[in-house]
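S.K.: Here it is: the structure, laid out below.
Number of protein chains: 2
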Amino acid sequence: MILNHMVELQTPHLDAVFHALSDPTRRAMLHRLTIGEHSVSDLATPFRMSLAGASKHIKVLESAGLVRRRIEGRTHLCQLEAARLAEAQQWLSTYEKFWSARLDDLEAILREEDASIAGKPATPPLSNKVGE
Amino acid sequence: MILNHMVELQTPHLDAVFHALSDPTRRAMLHRLTIGEHSVSDLATPFRMSLAGASKHIKVLESAGLVRRRIEGRTHLCQLEAARLAEAQQWLSTYEKFWSARLDDLEAILREEDASIAGKPATPPLSNKVGE
DNA sequence: AAAACATTTAACCGAATGGTTGACCATTTT
DNA sequence: AAAATGGTCAACCATTCGGTTAAATGTTTT
């Protein structure tokens with residue numbers, strides 16, 4: 000309903016959003032913003048990077064529509080703006096059936112392996128588990 | 000369970016995955032692969048681009064783990080490999096509450112507007128709807 | 001064996017990316 | 001008024017990106 004109305008077919012944003020998300024610094028900044036507003040230098044401190052560098056990252060996030068900036072005196076407060084993330088997730092959701100299909104396959108395989116092991120009591124139990 | 004086991008904490012992939020998704024050509028290729036395997040030149044044809052160019056895009060998808068290649072004679076068959084998309088979606092899911100929160104806000108606002116309109120029968124009904 | 005086909009590789013190009021430093025502009029503090 | 005603070009802007013740099021063309025590699029067809 001509301002989601003379809005807002006999101007569908009506006010894929011131009013996706014370029015910018017996915018690009019913004021492709022950098023670990025920016026993802027970390029977004030994560031940081033989940034616990035509330037932060038100033039630019041606040042966001043910058045965790046990273047070994049000049050303030051100007053961090054500022055650039057924030058601008059990338061901003062122009063991807065993932066962050067909103069509110070200027071208060073000399074400090075710029077940044078706020079998470081998650082709507083565009085919803086667009087990204089919606090794009091990804093198209094592919095859900097494909098990975099769930101493969102997970103189903105995987106589960107079937109595991110079940111089969113288990114059955115096979117159960118059916119071969121002669122097989123000596125290994126000290127190491129398979130998945131390691 | 001299985002998802003957590005496979006996905007959690009391996010964010011290094013995310014750089015590559017999100018970067019791969021940031022290009023519309025590559026997203027279109029992925030979309031194309033949802034209807035089955037395709038050869039490289041097959042994937043390339045829809046785009047105004049040299050084969051070598053398309054080949055590069057496919058390699059980006061491949062090294063992001065989104066496409067698997069199976070060589071059969073002289074043709075390379077590409078197949079969608081969606082598991083890494085699941086990782087991306089899982090990363091995004093952390094932020095779901097934020098956009099749903101905002102959507103709730105929006106809905107609340109809309110409800111309030113409706114109520115406001117309902118409460119002002121003197122307001123002349125407009126010929127154009129708001130959302131246009 | 002030669003020709004056609006499917007694809008990659010290599011070399012190149014201009015533009016964008018991620019980073020730096022240094023100068024600049026407001027605002028707040030002293 | 002001066003100094004300190006919070007931030008941007010501009011210029012620069014090396015690297016990556018998205019694209020090209022031309023040559024090379026391997027397979028299939030003739």
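Keeping their order, the protein sequence lines are chains A and B.
Every letter in the first sequence is one number past the one before it in numbering that gives the first Met the number 0, and letter 19, counting from 1, is 18.
Every letter in the second sequence is one number past the one before it in numbering that gives the first Met the number 0, and letter 41, counting from 1, is 40.
Every residue, glycine too, gets a C-beta built ideally from N, C-alpha and C.
Any contact of the region 78 to 87 of chain A with the region 53 to 67 of chain B, i.e. 3+ C-beta pairs under 8 angstroms?
M.R.: Not touching, per the Cβ criterion.
S.K.: Between S21 of chain B and chain A, is the shortest Cβ-Cβ distance under 8 angstroms, so that the two count as touching?
M.R.: Interface residue, yes.
S.K.: Ordered along the chain, which non-local residues of its own chain (more than five positions away) have a Cβ less than 6 angstroms from that of H56 of chain B?
M.R.: Around H56 of chain B: T24, R25.
S.K.: Does F46 of chain A come within less than 8 angstroms of chain B when only Cβ atoms are used?
M.R.: Closer than 8 angstroms: no.
S.K.: Roughly how many angstroms lie between the CA atoms of F17 of chain A and A87 of chain A, to the nearest whole one?
M.R.: Roughly 7 angstroms separates the two Cα atoms.
S.K.: What's the gap between the Cα of N3 of chain A and the Cα of A43 of chain B?
M.R.: Reliability fails at N3 of chain A, whose pLDDT of 47 lies under 50, so the model's placement of it is uncertain and the value that follows must be treated cautiously. Going by the C-alpha atoms only, they are around 30 angstroms apart.
S.K.: DSSP state of R25 of chain A, grouped into three classes?
M.R.: The answer is helix: DSSP assigns R25 of chain A an H, G or I state.
S.K.: If we ignore side chains and look at the alpha-carbon of each, how far apart do I34 of chain A and E61 of chain B end up?
M.R.: I34 of chain A and E61 of chain B: Cα-Cα distance of roughly 35 angstroms.
S.K.: Hey, is L13 of chain B's beta-carbon within less than 8 angstroms of any beta-carbon in chain A?
M.R.: With 8 angstroms as the cut-off, L13 of chain B counts as an interface residue toward chain A.
S.K.: Considering only their Cβ atoms, is the gap separating S38 of chain A from L91 of chain A smaller than 8 angstroms?
M.R.: It is not a contact, given that the beta carbons lie outside the stated cut-off.
S.K.: DSSP on L76 of chain B, reduced to helix/strand/coil?
M.R.: Three-state result, L76 of chain B: strand.
S.K.: For the region 66 to 90 of chain B, enumerate the residues whose C-beta is nearer than 9 angstroms to any C-beta of chain A, in chain order.
M.R.: Against chain A - using a Cβ distance shorter than 9 angstroms - the residues of the region 66 to 90 of chain B are L79, E80, A81, A82, R83, L84, A85, A87, Q88, W90.
S.K.: Note down, in chain order, all residues in the region 24 to 48 of chain A with a beta-carbon under 8 angstroms from any beta-carbon belonging to chain B.
M.R.: Cβ contacts with chain B: R26, L29, H30, T33.
S.K.: Mark A51 of chain B as exposed unless 16 or more other C-beta atoms lie within 10 angstroms of its C-beta, in which case mark it buried.
M.R.: The residue is exposed, with fewer than 16 neighbouring Cβ atoms inside 10 Å.
S.K.: Quick one: what's H37 of chain B bridged to in DSSP?
M.R.: Per DSSP, B:C77.
S.K.: Check the C-beta distance from L32 of chain B over to Q89 of chain B and give it rounded, since I have them as a contact under 8 angstroms.
M.R.: The Cβ separation is near 21 angstroms, so there is no contact.
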